[in-house]
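Here the structure is laid out as structure tokens; the discussion comes afterwards.
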Amino acid sequence: MNRPVEQWASMVPVDDYAPTAFLDVRDLRIHFPTDDGLVKSVDGLSFTLERGRTLGIVGESGSGKSVTSLGILGLHKGQHARVSGQVWLDGEELVAASPEHVRRLRGKKMAMIFQDPLSALHPFYSIGDQIVEAYRVHNEVSKKQARTHAIDMLGRVGIPRPSERVDDYPHQFSGGMRQRAMIAMALSCDPELLIADEPTTALDVTVQAQILDLVRDLQAEFNSAVMIITHDLGVVAELADDILVMYAGKAVEQGSAREVFTAAEHPYTWGLLSSMPRLDRDRQDRLVPIAGSPPSLINVPEGCAFHPRCRFCELSAPLSLTEVPVMTETTPGHGVACHLEPAQRRRLWTEEVQPLL
Amino acid sequence: MAAFIVRRLLAAVILLVVVSMMTFAIFFLVPKLAGMNSDQMALRYVGRGATAESIQATKERLHLDDPLPVQYGRFVQGIVVGDEFNYGPEVVKCPPPCFGYSFRNSQPVTALLIDRIPVTASLAFGAAILWLVGGVSIGVLSALRRGSVFDRAAMSTALAGVSLPIYFTGLLSLALFAYHWKLWPNGVNYVPFTTNPLDWAYNLILPWVTLAFLYAALYARLTRASMLETMNEDYIRTARAKGLPERTVVVKHGMRASLTPILTIFGLDVGLLLGGAVLTESTFSLPGLGQLVVDAVFGNDLPIVLGVVMVASVFVILANLVVDVLYAALDPRVRL
Amino acid sequence: MRQRRKLAVTATAVALSMVVAACGNDSGSGGGSGSGGGGGSAAYNAASEGIVNKSDTTGGTMKYVLSDAPDSMDPGDTYYAFNWNFTRLYARPLTTFKPAPGKAGLELVPDLAESLGEVSADGLTWTYKLKPGITYDDGTPVTSKDVKYAIARSNYTAELVNGPKYFAQYLDAGNYAGPYKDKNLDHFTGIETPDDSTIVFKLKAPFSEFDYLVSNPQSAPVPQAKDKGLQYQAAVASTGPYKMESHEVGKSLVLVKNDKWDPKTDPNRKQLADRIEVQFKVDANDIDQRLMNGQADVDLGGTGVQAQARATLLQDPNQKKNVDNPQTGFLRYAMLSTKVPPFDNADCRKAVLYAADHEAIQGAYGGSAGGDIATTTLPPSVVGYEKADVYGFLQDKNGNPDKAKQALQACGKPNGFSTKIAVRGDRPKEVAAAEALQQSLSKVGITTSIQQYPSGDWSAQFAGNPQFVHANGLGIQIAGWGADWPSGFGFLSQVADGRAIKPDGGNYNQMELNDPAINDLLDKGIQTKDENERNAIWTQVDQKVMESGALLPFVYEKTVLYRPENLTNVFVTPAYGMYDYSQLGTTKK
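Protein chains in written order, with my numbering: chain A, 11 to 367; chain B, 197 to 532; chain C, 1436 to 2024.
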């Protein structure tokens, strides 16, 4: 049952040059040589994403989620990173493309919004200026036209009195409004791919919901592909059509949101779900955390990277200690990288994990 | 903004008063504490053939016996209303602002100051432009090429520049460029800008470069550190994510933010220099405020010391003011 | 580094101890290489005894530089030797020194006056007649009233305090208020002007060296109408070969030819260069560089090159021929305060004189180029000097500990004693001398601690203030002195006369020597008309000062002067201890 291929969705082999999805990431590896050793932040990641759909990438800090998104945008070029693999965006391969070419796509075809809008926006320039700049670098328009467009975008993201606020500075906005402004800036050139890196982590809960609504509305309006990166399963539950769970630079589970939430098959995912407080269940005595801490990306554990923390490690020993598990399809559209037998996993899920959720 | 400036100007006046009082106090009280009386102070200004009469006459002429508040009052009066001076056969009016007359050679201090400010200003501004452009560009390049040969070479040179005293580099450059290679066959002699701009610049090149070398080194190191910090900021990553060309990212986003602290220090440095670049002026024999005040201090010439201290204080206060206003203009988070 | 050199009117002697290099002949002795018209060619120390580069070439610009700013360029208001020398270019005193090298340069010759002064039988009146036909640079004729006015303004005003006050001291002027307070010059009864070309000085007591007094530029005429008091120095009315074109006080001075100067009335000066430019406040080391590189012609200060250049010049055989090493006329010494125990006992004082290591001290002043070991109070360039060595310094160059110990026994301190040495901390040579002295004294049990004081207030507050000296036990004080005019009286009157002691500060008789015998000799000498008798009296005073043991002479100071090759008529004037500025010209155009 274990296929030697590492491709998801259409299961197309790696060396086939014809991508079918809008965003097609194949065996992406991003390594950073440092004085302490080679940091393997992303180590063989593959997934796809279509326009109009939302992919949620979930994982702990250090799992490689942000590095992945920066890697897709090509922001690691010139930073001493070793990037290999392929990233196909709308039929174009980006990893081997020239940095100049990728730069021109950045902001225009693919855009990103960041976690902390206060530090991510330049404090010295007004919001209007920054949006105008983002717009004019990709479109030949006059300043006046760009300004009109900026005001328009601010209105669209729900900022009241946009023609007055366009000349305000980032520090003059509240947290929520600031994030909306950043979204306005990211969407100013109508990107087809929007990557949101922890967009609500810095905001309070009520504002969170508003922002997520906004993203969903805009996605519907522009038909963009959205990648949302977070450690918060609640956010993912709200927004994502598909979920990708990352651990130690690799994908460990992929599937539709419904599948992953109701029929998760990877012990790590089980751990994530267990550690999430839920309102629709009885209150437990305590939350169940995942034992241990994230692994070093320089000295990744042998075999299955999760094995030191896995409750069920002995059940798949000695394989989990020696061989890296490969992503395999269990049910249609649902892949898992684990050495446990599928039947074993489902049993464990229904018997041991699910009741406690 | 206007209210802010007005408040600062008021504070400036108070500060000037305090500084002048302290200068008076130091000049008169310190010798008193050391056991000097006014006769002995008067002896400083009389030739070797001092007689009791000339000592007494000098004391009266210089008002050395008057109580301090009276002397101070006369000083303030001079600045506000003007003063009179007895040259001997006639009495001359000194229009406000009158800083008095040199104890040593009876020259009007105000005229001296006016004469020397352009020299110090020429030196300070010329060197300032050189070191700002040179130091900042080297600092930025070093930061962008961190760890490279250029970076290491630049920072080593900067270390040398910061460590070598001006007196040394000045004399060395004079010996080498002026006298040995005869690029400046007549040495360095200040020529006013109004007399001949080319000569003015020609004579100031060596002092400019010597002074700028020291500061450029400082600024290169500062800029490098500031740039490195700034380029790690999140908004730089955002700028790149927007697809901006790297040049725009570095210049418009990076430098704008990293240079703000540099500019404030620059303003203060120039303000201080305008009070007299003492070492440079002495080494190159430039007749500026620095040379003037050093001689006045050694020669116990209070009116000149007071005058230069006042002028220097005004420059520093103005520089602080300009810097604060500039900072507010550059960084919208700082509002006055 | 900056030397505040108070004036000395001094002389260099044709000293036998000086190094005489073989040089091209001059002074009319013919023979030799006959290069040029007997004008001496450049050789080491040639200008100390002869005229180097004699020439009548006119034209060119002479560049003088000075490391300091002078007290004033007003001839009546300055106390610097270099200024008494230099201002003669635009001011003619009644008398001046003969422009000749060697002993001849110590002679007084008439300048503005027709001849030296005529003294009355009782010695209380001195009369001079002015040369006819002399005018200022604007054509106005010079009158004797102008000379009277010049002396009145320089000696009797509260404003002009820099220059010497000898006239105020010796003239019989009663309570004259000075010309600024009392515009009527007739009230100045100390001087009479019976007609426009006669001037009569009235003295309180006979003063036989009056001709020396009027050699001071204070006697150069000043027209009352042109006098601007403290501002006069910006535009001095000239009687000399040059006049002021511009003077920025403290910065620069430019002199140009005075076409109203008539060389027929003035054999004492030359008018060679077209233009003389003086720049003040040039860094001292820069001055030496400029001299050696041809960008400046003369160091106006005349005190010699800095240590750096000195080393270079003396060791470079090519440069040595452009170096002169004349005596400056200054004596460097230590004074032992007769009021600070145990120096109130003469034998204790003598112990110090015997113990001192003279050679080591000479080394502190720069070795033989810095000065010759001194054995008398008067330096060789002062009239009245006679060679003597009562303590045997020259044979006991490193001191004589045995004799010192004997002296200690005699004064009751067989195991020595302790005292303090006061020295000017910003004068490295003096500090080094203090250290050398300290070393040599410790060998006989005299322990000393060195106290450094700033030279600015040294005279007013520290060593020159007897109260401070007594309170702080400053037994030994290191200083130097040069005469105001090159006679025994000119040298000794302020340092050896007990009545010259100033109890509150500004005292130069720091040994507080008050010997009635010395005081009487000084009085007698200054009244003695006959020159030879008078000079013998000065010699006696010198001997008595040495006998007292209160003064320990260190060196007859010498200096290293650089003589650029383009300078003409260069020689050292013994009167001022530097090049005679009234004679110089340049071959550079």
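Beta carbons: idealized from backbone N, C-alpha and C, even for Gly.
In the three-state scheme derived from DSSP, where H, G and I count as helix and E and B as strand, residue 1706/C is classed as coil. For residue 208/A, the closest alpha carbon among the candidates 193/A, 201/A, 202/A and 200/A is that of 193/A.
Of the residues 48/A, 350/A and 31/A, the one whose Cα lies closest to the Cα of residue 39/A is 48/A. Within the stretch 175 to 203 of chain A, those residues whose Cβ lies closer than 7 angstroms to any Cβ of chain B are, in chain order, 179 and 181.
Cβ-Cβ distances below 7 angstroms link residue 1731/C to 1498, 1500, 1722 and 1725 in the same chain, with the five nearest sequence neighbours on each side left out; the list follows chain order. Using a CB distance cut-off of 8 angstroms, residue 1592/C counts as an interface residue toward chain B.
Cα atoms of residue 362/A and residue 356/A: separation of roughly 10 angstroms, rounded to the nearest angstrom. Judged by beta-carbon spacing, residue 247/A lies beyond the 8 angstroms limit of residue 263/A, meaning their Cβ atoms are not closer than that value. Within the same chain, Cβ atoms closer than 8 angstroms to the Cβ of residue 1685/C are found at 1504, 1715 and 1716, the five residues on either side in sequence being excluded. The DSSP-derived three-state label of residue 2021/C is strand.
Closer than 8 angstroms to the CB of residue 243/B there is at least one CB belonging to chain C. In this structure, residue 1511/C places its C-beta atom within 8 angstroms of the C-beta atom of residue 1585/C.
Apart from the 5 residues on each side of it in sequence, residue 79/A sits with its Cβ closer than 7 angstroms to the Cβ of 122, 205, 207, 237 and 239 in its chain, given in chain order. At a cut-off of 8 angstroms, the C-beta of residue 209/A has no neighbouring C-beta in chain B. At a cut-off of 4 residues, the continuous stretches assigned as alpha helix (DSSP H) that sit fully inside the stretch 437 to 507 of chain B are 452 to 470, 474 to 479 and 485 to 494. Identification of chain C residues near residue 487/B by a Cβ-Cβ cut-off of 9 angstroms yields 1716, ordered along the chain. At a cut-off of 8 angstroms, the C-beta of residue 434/B has a neighbouring C-beta in chain A. In chain B, no part has a C-beta under 7 angstroms from the C-beta of residue 299/A; the shortest such distance is about 30 angstroms. Along the stretch 322 to 350 of chain B, none of the residues has a CB nearer than 9 angstroms to a CB of chain A. Taking 4 residues as the shortest admissible run, the stretch 233 to 278 of chain A contains the following complete alpha helix (DSSP H) segments, listed from N- to C-terminal end: 243 to 249 and 267 to 272. Beta-bridge partners assigned by DSSP to residue 1913/C: 1769/C. Using a Cβ-Cβ cut-off of 8 angstroms, residue 1767/C does not count as an interface residue toward chain B, since no Cβ of chain B sits closer than that to its own.
Assignment of residue 1499/C by DSSP, reduced to helix, strand and coil, places it in the strand class. Taking 8 angstroms as the CB threshold, residue 223/A stays off the interface with chain B. Note on residue 1477/C: 16 or more other CB atoms within 10 angstroms of its CB, so buried under the neighbour-count rule.
Here the alpha carbons of residue 347/A and residue 317/A stand approximately 12 angstroms from one another.
Shortest Cα-Cα distance from residue 1743/C to any of 1801/C, 1682/C and 1694/C involves 1801/C.
Taking a beta-carbon distance threshold of 8 angstroms, residue 463/B does not count as an interface residue toward chain A.
Contact annotation: the stretch 499 to 510 of chain B touches the stretch 206 to 215 of chain B, with at least three C-beta pairs closer than 8 angstroms. Residue state for residue 323/A is assigned as helix, using DSSP reduced to three classes. The beta carbon of residue 304/B sits no closer than 8 angstroms to any beta carbon of chain A. Between the stretch 1945 to 1955 of chain C and the stretch 1916 to 1935 of chain C, the count of C-beta pairs closer than 8 angstroms reaches three or more; the two stretches touch.
DSSP lists no beta-bridge partner residue for residue 1625/C.
Only residues of its own chain outside the window of five on either side were considered, and among them 136 have a CB closer than 6 angstroms to the CB of residue 179/A, listed in chain order. Taking 8 angstroms as the cut-off, the Cβ atoms of residue 1593/C and residue 238/B do not count as close. Restricting attention to 1979/C, 1913/C and 1561/C, the CA atom closest to the CA of residue 1856/C is found in 1913/C.
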